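A short worksheet on the structure shown next.
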Amino acid sequence: MAVSLQAKYPLRPITNIPRSRRPSLLRVRVVTCSVTTTTKPQPNHEKLVVERHIVKPPLSSDPSLLSNKPQPKLVVEQRLANPPLSNDPTLKSTWNHRLWVAAGCTTLFVSLAKSVTGGIGSHLWLEPALAGYAGYILADLGSGVYHWAIDNYGDESTPVVGTQIEAFQGHHKWPWTITRRQFANNLHALARVITFTVLPLDLAFNDPVVHGFVCTFAFCIMFSQQFHAWAHGTKSKLPPLVVVLQDMGLLVSRRQHAEHHRAPYNNNYCIVSGAWNNVLDESKVFEALEMVLYFQLGVRPRSWSEPHSDWTEETEISNNNQA
Ligand SMILES: [Zn+2]
Ligand SMILES: [Zn+2]
Numbered sequence: 001m002a003v004s005l006q007a008k009y010p011l012r013p014i015t016n017i018p019r020s021r022r023p024s025l026l027r028v029r030v031v032t033c034s035v036t037t038t039t040k041p042q043p044n045h046e047k048l049v050v051e052r053h054i055v056k057p058p059l060s061s062d063p064s065l066l067s068n069k070p071q072p073k074l075v076v077e078q079r080l081a082n083p084p085l086s087n088d089p090t091l092k093s094t095w096n097h098r099l100w101v102a103a104g105c106t107t108l109f110v111s112l113a114k115s116v117t118g119g120i121g122s123h124l125w126l127e128p129a130l131a132g133y134a135g136y137i138l139a140d141l142g143s144g145v146y147h148w149a150i151d152n153y154g155d156e157s158t159p160v161v162g163t164q165i166e167a168f169q170g171h172h173k174w175p176w177t178i179t180r181r182q183f184a185n186n187l188h189a190l191a192r193v194i195t196f197t198v199l200p201l202d203l204a205f206n207d208p209v210v211h212g213f214v215c216t217f218a219f220c221i222m223f224s225q226q227f228h229a230w231a232h233g234t235k236s237k238l239p240p241l242v243v244v245l246q247d248m249g250l251l252v253s254r255r256q257h258a259e260h261h262r263a264p265y266n267n268n269y270c271i272v273s274g275a276w277n278n279v280l281d282e283s284k285v286f287e288a289l290e291m292v293l294y295f296q297l298g299v300r301p302r303s304w305s306e307p308h309s310d311w312t313e314e315t316e317i318s319n320n321n322q323a
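Just so you know, the sequence shown maps onto residues 1 to 323 in the UniProt record's numbering.
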C-alpha cells in the first residue's frame, strides 16, 4: 500500500523564505511514504552446520589439472545438526548394546557374589558393608571428575573417549533426548568399560572387602547414565521409588542436575548421588584444576569460552520437554 503525500499536500512555490537564507540550489523532493505489509519469515529450525575443509593441492601429475575447469579448493560438507527424533535409530538399543550391558552386569554379579560368600565364610559383615558404602560415595566423586574432564577437554577425535565427549556435547545441546534413549543404548559404553576393568578383578581377588568396594563402585559408575537420565525425567513419569531416592539425596536430584545445564555451565558435574557437588563447587576444585592445566599445559577448558551454540541448550524445545 503506498500513500502519496503529494496528493494530500500539493507543492507550492516557496516564497516566504528570505532570499538571503535560501540555499543557492534548492531541491524539492517529492516524498512518497510507503507502507508495506510483509509476512515475517518463520525461523528455520533446521540448523545447518557448514564445515569447510581445505583440500590438499593436486600434484603436478594430477590428471584433473589437464581439464580447463576450475578446480575447487574448498569442499563444503553440509550436515544437519538437528536433535534426534524420538524414533531415531540412534536412540534405540541394539543387540550389541544389550550384550555389553549383560556382560557388565555379569562381572558385577560375580563381584557381589564373591563379597557375600567371602563375608559369610570369614564371618565378616561390617568391613564389606563399609567398603560398599565407600564405593557408593566415591563413585559419585568419580562420575564428577570424569564428567568435568570430558565436558571441558578433548573432542570427538580424542582416542578412547572421543565418542563420549561428542555424546556429552550433544547432550548439552539437547538434554531432553537422554530420556528418549533406550536403556542399553544409554549404558553400553560404560558397561564395556566395567566389563574390561571388573573382569580381571573378579579373576584376581577373592577378598570380600575388595569386592564390597568394587561391586558398588562399578555398579554406580555403570548405572550413572541411568541416574542421569532419571535426573532429566518428569516427576510424574518417573517410578515412585526413583523420586523418593532423588528426594532423599541418594540419587542425583532433578533440581541439582538442572543447574548443570544452566549458565555458567561449570558446576554440578556429579551424577550418581550428587553428594559431592556442593563440596566440589564451593571449594572450586575444578576451577583450580583448570588453572593448573592452563598454566602447565596451556590448555583452556571449554567452560572458559562458553557458552556458545554448541554448548548451550536449545531452550525453546527443551522447555517443552523438560521437567
Ligand atoms: Zn555436562
Ligand atoms: Zn544432563
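All C-beta atoms, glycine included, are put in the ideal place defined by N, C-alpha and C. Fair warning: this is a prediction, and the values are worked out from it, not measured in the lab.
- Message: Closest to residue 207 by C-alpha separation, out of 113, 91, 305, would be which residue?
- Response: Closest by C-alpha distance to residue 207, out of 113, 91, 305, is 113.
- Given a cut-off of 9 Å, decide if residue 272 and residue 215 are closer than it, judged by their beta-carbon atoms. Judged by beta-carbon spacing, residue 272 lies beyond the 9 Å limit of residue 215, meaning their Cβ atoms are not closer than that value.
- Message: Rounding to the nearest angstrom, what Cα-Cα distance links residue 136 and residue 147 in this structure?
- Response: As the crow flies, the alpha-carbon of residue 136 is around 17 Å from that of residue 147.
- Message: Is the beta carbon of residue 107 closer than 9 Å to that of residue 194?
- Response: If you check the CB distance, residue 194 and residue 107 come in under 9 Å.
- Message: Assess contact between the region 261-269 and the region 233-242, defined as three or more Cβ pairs (one per stretch) separated by less than 8 Å. Is contact present?
- Response: Contact annotation: the region 261-269 does not touch the region 233-242, with fewer than three C-beta pairs closer than 8 Å.
- Message: For the alpha helix (DSSP H) containing residue 125, name the first residue and the last one.
- Response: For residue 125, there is no enclosing alpha helix (DSSP H), since its DSSP letter is neither H nor E.
- The alpha helix (DSSP H) spanning residue 170 covers which residue range? Unbroken alpha helix (DSSP H) run through residue 170: 162-173.
- Task: Just the C-alpha distance for residue 87 and residue 183, rounded to the nearest angstrom, thanks.
- Result: Going by C-alpha positions, residue 87 is about 14 Å away from residue 183.
- Query: Just how far apart, CA to CA, sit residue 170 and residue 134?
  - Reply: In this model, residue 170 and residue 134 are separated by some 32 Å (Cα to Cα).
- CB-CB length for residue 179 against residue 229, believed under 8 Å: Distance from residue 179 to residue 229 at the Cβ level is roughly 6 Å; contact confirmed, criterion being Cβ atoms closer than 8 Å.
- Item | Collapsed DSSP secondary structure at residue 293 in the structure displayed | Three-state DSSP puts residue 293 in a helix.
- May I ask you to check if the CB of residue 211 is nearer than 8 Å to at least one heavy atom of ligand 1? No, the beta carbon of residue 211 sits no closer than 8 Å to any heavy atom of ligand 1.
- Query: What is the chain-ordered set of residues for which the beta carbon lies under 7 Å from any non-hydrogen atom of ligand 2?
  - Reply: Those residues are 171, 175, 178, 228, 231, 232, 257, 260, 261, given in chain order.
- Message: Under DSSP, the alpha helix (DSSP H) around residue 282 begins and ends at which residues?
- Response: Where residue 282 is concerned, the enclosing alpha helix (DSSP H) starts and stops at 277-283.
- Taking residue 266 as part of the alpha helix (DSSP H), name the residues at either end of that continuous run. Residue 266 -> no alpha helix (DSSP H), and no H or E assigned at all.
- Can you check whether the CB of residue 212 is closer than 9 Å to the CB of residue 119? Going by C-beta atoms, residue 119 is nearer than 9 Å to residue 212.
- Message: Check whether the region 184-192 and the region 93-100 touch, using three or more Cβ-Cβ pairs below 8 Å as the test.
- Response: Yes, they touch.
- Message: Please identify the residue among 245, 199, 144, 173 whose C-alpha is closest to the C-alpha of residue 109.
- Response: When each option's Cα is compared against that of residue 109, the closest is 199.
- Query: Between which two residues does the alpha helix (DSSP H) carrying residue 255 extend?
  - Reply: 254-260 is the extent of the alpha helix (DSSP H) around residue 255.
- Message: Tell me whether the region 146-160 and the region 292-308 touch, counting them as touching only if at least three CB pairs, one residue from each stretch, are closer than 8 Å.
- Response: Contact holds between the region 146-160 and the region 292-308, because three or more Cβ pairs, one in each stretch, are under 8 Å apart.
- For residue 269, is the beta carbon positioned less than 8 Å from some heavy atom of ligand 1? Distances between the C-beta of residue 269 and the heavy atoms of ligand 1 include at least one below 8 Å.
- Query: What is the C-beta distance between residue 111 and residue 218, in whole angstroms, given that I count them as a contact (C-beta under 8 Å)?
  - Reply: Sure, about 7 Å apart at Cβ, within 8 Å.
- What are the boundary residues of the alpha helix (DSSP H) that includes residue 240? Segment 240-248, the alpha helix (DSSP H) holding residue 240.
- Item | Straight-line Cα distance separating residue 90 from residue 84 | Rounded to whole angstroms, residue 84 and residue 90 show a C-alpha spacing of 7 Å.
- Message: Taking only three categories from DSSP, how would you classify residue 287?
- Response: It is helical.
- Query: Should residue 147 be listed as close to ligand 1, given that the test is whether its C-beta is under 8 Å from any heavy atom?
  - Reply: Yes - ligand 1 has a heavy atom lying nearer than 8 Å to the Cβ of residue 147.
- Task: Verify the contact flag: residue 151, CB atom, against every heavy atom of ligand 1, threshold strictly below 8 Å.
- Result: Because some heavy atom of ligand 1 lies under 8 Å away, the Cβ of residue 151 counts as near it: yes.
- Cβ-Cβ separation, residue 236 to residue 246 (assumed contact under 8 Å), whole Å: Taking C-beta atoms under 8 Å as the contact rule, residue 246 and residue 236 fail to qualify, at a distance of about 13 Å.
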